[in-house]
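The structure appears below as structure tokens.
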């Protein structure tokens with residue numbers, strides 16, 4: 001549709017229009033988008049640090065197989081994880097590893113619903129865990145689950161070690177969960193006849209280790225809410241700084257600002273106020289403190305200088321005593337910014353207006369403080385007057401005290417077991 005085209009300005013020094021004669025943008029096909037406009041969805045590499053799920057091992061049982069569910073679930077900006085291997089121990093022998101979508105429930109005897117990820121003969125290892133590296137990694141997106149089935153075809157009942165169920169979750173970390181499942185007592189995969197009665201035993205847990213890698217999301221306006229509070233504060237600070245003429249970031253195009261944020265990992269600015277991966281809401285004062293702190297961090301990260309060393313770009317304009325060089329002029333933001341960016345900018349502008357309201361009320365607070373100070377001064381004057389007038393009353397107080405002492409001496413035996421007089425219950429006024 002001609003009316004729906006978004007026109008881009010031409011590059012500096014180029015006489016080409018925003019659109020070519022064939023209806024394509026000046027850079028060519030849509031797949032040839034300039035890198036500065038292409039925000040990556042997720043990191044290029046899998047992160048394998050500390051991504052090993054070791055389950056409990058109480059040495060409760062051994063038999064032929066274990067079927068259970070695994071789940072990818074995280075409050076952090078996680079795109080997906082990939083399970084690369086499963087570690088087990090026992091008599092082992094001919095080993096197979098299977099998987100099915102969502103869950104193993106009501107599929108435990110339906111071989112057609114499963115696909116095999118590993119099939120090899122493995123030497124026995126009753127004490128040490130042995131790695132079963134999958135032929136193709138099992139990918140789970142955030143919020144997705146799958147069923148896993150590890151089976152040993154070795155005759156007898158010592159093929160694979162598993163455990164009794166000890167809780168609702170066998171293992172859980174910031175990104176991955178292992179759930180309880182069924183133990184299999186048949187040395188044939190998905191066999192319906194066990195060596196000792198029923199072939200499937202519920203309330204059992206997997207024993208071993210699961211190795212997986214995590215691919216984290218990269219920041220984009222559409223996933224802004226999934227990032228930690230401190231990272232979101234940096235985003236707000238950087239975008240608001242790009243709207244202030246005195247900021248060096250003002251010289252950057254909107255697309256460049258987004259490109260920079262997209263290249264920052266979610267943990268580059270720390271976890272901020274998070275607890276076990278769950279962000280907590282900040283008060284207005286705490287949020288303002290985070291914004292100020294993050295602004296300095298962002299400036300130092302981008303320029304390599306402290307935020308206090310920044311200068312107004314307009315100071316470099318031509319003038320008396322100047323260097324004769326013109327200050328860099330801000331390039332007008334192009335209209336290529338998508339609707340997500342505009343919505344985010346509108347939201348940040350509104351929040352910036354709300355954040356400025358407490359400062360606007362500062363005058364009223366100062367007036368109230370001044371009134372409180374005046375009242376305190378008046379109170380001090382009254383106290384001084386009372387002290388001056390109180391000197392004449394001290395003699396009367398002494399007389400009352402002496403009379404009270406005589407009364408107490410005369411009634412010492414009377415109030416030994418009865419009610420105490422006023423002089424004994426309260427000290428004389430001073």
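In UniProt numbering, the protein residues as written are 1 to 430. We put the CB at the ideal spot given by N, CA and C, even for glycine. All of these numbers come straight from a predicted model, not from anything done at the bench.
Distance CB(residue i)-CB(residue j) smaller than 8 Å
{"i": "residue 70", "j": "residue 183", "result": "no"}
{"i": "residue 74", "j": "residue 175", "result": "yes"}
{"i": "residue 89", "j": "residue 127", "result": "yes"}
{"i": "residue 78", "j": "residue 99", "result": "no"}
{"i": "residue 266", "j": "residue 206", "result": "no"}
{"i": "residue 84", "j": "residue 211", "result": "yes"}
{"i": "residue 257", "j": "residue 238", "result": "yes"}
{"i": "residue 208", "j": "residue 134", "result": "no"}
{"i": "residue 230", "j": "residue 269", "result": "yes"}
{"i": "residue 181", "j": "residue 204", "result": "yes"}
{"i": "residue 178", "j": "residue 171", "result": "yes"}
Range covered by the beta strand (DSSP E) that runs through residue i
{"i": "residue 82", "result": "78-90"}
{"i": "residue 61", "result": "61-63"}
N- and C-terminal bounds of the alpha helix (DSSP H) containing residue i
{"i": "residue 256", "result": "254-262"}
Three-way DSSP call (helix, strand, coil) for residue i in this model
{"i": "residue 120", "result": "strand"}
{"i": "residue 222", "result": "helix"}
{"i": "residue 231", "result": "helix"}
{"i": "residue 198", "result": "coil"}
{"i": "residue 215", "result": "strand"}
{"i": "residue 180", "result": "strand"}
{"i": "residue 237", "result": "helix"}
{"i": "residue 189", "result": "coil"}
{"i": "residue 295", "result": "In this prediction, residue 295 has a pLDDT of 46, which is less than 50 and means its spatial position is unreliable; nothing more can be read from the coordinates."}
{"i": "residue 406", "result": "Below a pLDDT of 50, predicted positions are generally treated as unreliable, and residue 406, at 47, falls in that range; no measurement from the model is reported."}
{"i": "residue 316", "result": "Only weak support exists for where residue 316 lies, its pLDDT of 39 falling under 50; the coordinates are left without a value."}
Beta-carbon separation (whole angstroms), residue i vs residue j, contact threshold 8 Å
{"i": "residue 39", "j": "residue 220", "result": "5 Å"}
{"i": "residue 121", "j": "residue 94", "result": "5 Å"}
{"i": "residue 187", "j": "residue 72", "result": "Contact doesn't hold; Cβ gap of about 31 Å is too wide."}
{"i": "residue 104", "j": "residue 67", "result": "5 Å"}
{"i": "residue 131", "j": "residue 87", "result": "5 Å"}
{"i": "residue 185", "j": "residue 199", "result": "5 Å"}
So within the region 96-177, which uninterrupted beta strand (DSSP E) runs reach at least 3 residues, ignoring any that extend past its ends?
115-122, 125-141, 145-152, 160-164
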